[in-house]
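Just so we're aligned: the sequence shown equals residues 1 to 272 in UniProt numbering.
Data block below; observations after.
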Amino acid sequence: MTDASRDRMNRFRAEAASRGLPLEEVEEWVRVARPAVYLAEGGDGPLVARVGGEPMLPHGVPRPSVPLVACVDLAALPPGVTGLPLPADGHLLLFSGTDVLAEGQVSDAVLYVPAGTPTTPSLLAHTWREPYRPRELRTVWHQPSAQMPESFALDRWGDFPEDEQFELADELADAWAHVGGYRPSWTLQIGGHPVSPQNDPVHYARGPEEANPCELGGTAHAEGADDWALLATWRCGDDVTELDSGVAHWVIRRQDVAARRFDRVHRYVEMA
1 MTDASRDRMN RFRAEAASRG LPLEEVEEWV RVARPAVYLA EGGDGPLVAR
51 VGGEPMLPHG VPRPSVPLVA CVDLAALPPG VTGLPLPADG HLLLFSGTDV
101 LAEGQVSDAV LYVPAGTPTT PSLLAHTWRE PYRPRELRTV WHQPSAQMPE
151 SFALDRWGDF PEDEQFELAD ELADAWAHVG GYRPSWTLQI GGHPVSPQND
201 PVHYARGPEE ANPCELGGTA HAEGADDWAL LATWRCGDDV TELDSGVAHW
251 VIRRQDVAAR RFDRVHRYVE MA
């Protein structure tokens, strides 16, 4: 954890104490916070990611059926800022259309291209939409990412928290936001907890396993709920006029990140 992150945690503790929030819940809020990196346009730093345009794919990789969202240069990310066991170099390509649905696992939603792999431009397999507008993301910052209050309440107190518990989660979130400081409007988030206009995509991904462990031979939840993590979130913005405040999420197990099994990613698209 960086000095800036520790400082924010301490300021949050002080703010929560000033509001009389229970110490046990304050510490749980801190415990489940995860590191995240945020990318935005502007700035004169190194190129960390490209949004939109045509993807550069290795020879033999099928043409994508949905547009490229972003190509992230993993070597340009400071070490450890995402909290995920991502490769130290190479490129991570994220793909998504704009249909609003809970898709679940999508084998070609993310592609990892190791450093040094020869690539060529690739057009979409279907021409129902043009590629997203090309942009460069050079502004980078990282900080702890807290859960959304509803997600915190569900994880902390089970499937049916009481109204007072939801209210307490909202108060913790308000205290957290109060000490958050200014952040530019980001385009791409990697790691951390999701910010969702509707439902938590991490809960979506792990939900069926928790609800029906016997259907998968009794081992469905062996990795534990905490193994599921947000890989990335894209704020579509003006690039996608058919969605109102649209976002796309990619969710994955940590063990699959470590094993480079990005074909097991779950993708969800939603709007406000």
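Ideal placement from N, C-alpha and C gives every residue a C-beta, glycine not left out.
Just the Cα atoms here: how many angstroms apart are residue i and residue j?
i, j, result
"Thr120", "Val106", "23 Å"
"Leu47", "Ala40", "11 Å"
"Arg135", "His142", "20 Å"
"Ala211", "Ala205", "With a pLDDT of 38 at Ala211, under the threshold of 50, the modelled position of this residue cannot be trusted; read the value that follows with caution. Taking the straight line joining both Cα atoms gives about 11 Å."
"Glu103", "Thr2", "36 Å"
"Gly246", "Arg6", "32 Å"
"Leu188", "Trp234", "5 Å"
"Leu49", "Cys71", "According to the sequence displayed, residue 49 carries Ala and not Leu. The alpha-carbon atoms of Ala49 and Cys71 are separated by roughly 5 Å."
"Val240", "Pro131", "11 Å"
"Ala153", "Gly116", "45 Å"
"Leu111", "Leu57", "9 Å"
"Arg260", "Val113", "10 Å"
"Val269", "Asp99", "7 Å"
"Val195", "Pro62", "31 Å"
"Arg129", "Glu242", "12 Å"
"Ala177", "Ser65", "39 Å"
"Asp200", "Ile190", "15 Å"
"Gly80", "Asp163", "37 Å"
"Ala248", "Arg267", "7 Å"
"Arg8", "Ala175", "11 Å"
"Gly97", "Leu68", "9 Å"
"Gly43", "Arg133", "19 Å"
"residue 296", "Leu93", "Nothing about residue 296 can be read from this structure; the chain reaches only from 1 to 272."
"Val37", "Ser185", "13 Å"
"Gly53", "Phe12", "40 Å"
"His91", "Ala17", "43 Å"
"Pro35", "Leu123", "35 Å"
"Ala173", "Pro118", "46 Å"
"Gly192", "Glu28", "16 Å"
"Val202", "Ser145", "14 Å"
"Val179", "Glu15", "8 Å"
"Pro197", "Val51", "22 Å"
What three-state label does DSSP hand residue i in the structure shown?
i, result
"Glu223", "With a pLDDT of only 45 at Glu223, under 50, the local geometry of the prediction cannot be trusted, and no value is derived from it."
"Ala16", "helix"
"Tyr204", "helix"
"Asp239", "helix"
"Gln147", "coil"
"Trp186", "coil"
"Arg261", "coil"
"Val61", "coil"
"Ala109", "coil"
"His6", "The sequence as given places Arg at residue 6; His does not occur at that position. Helix."
"Leu168", "helix"
"Glu130", "coil"
"Glu162", "coil"
"Leu137", "strand"
"Ala175", "helix"
"Trp157", "helix"
"Gly217", "For Gly217, the pLDDT reaches just 32, beneath the cut-off of 50, and the residue's location in the model is therefore unreliable, although a value from the coordinates is still provided. Coil."
"Asp256", "helix"
"Leu23", "helix"
Which partner residues does residue i have in the DSSP bridge list?
i, result
"Gly104", "Arg267"
"Pro121", "Met56"
"Val251", "Leu230 and His266"
"His142", "Val37"
"Gly191", "Ala36"
Next on the checklist: Counting beta carbon pairs with one atom in the region 248-257 and one in the region 78-93, are three or more of them shorter than 8 Å?
Outcome noted: yes
Checklist entry - Pairing CB atoms from the region 147-166 with CB atoms from the region 15-24, are three or more of them under 8 Å? => result no
Next on the checklist: What ranges does the beta strand (DSSP E) occupy inside the region 26-101, keeping only unbroken runs of at least 3 residues that lie completely in it?
Outcome noted: 34-40, 49-51, 56-58, 68-73 and 91-95
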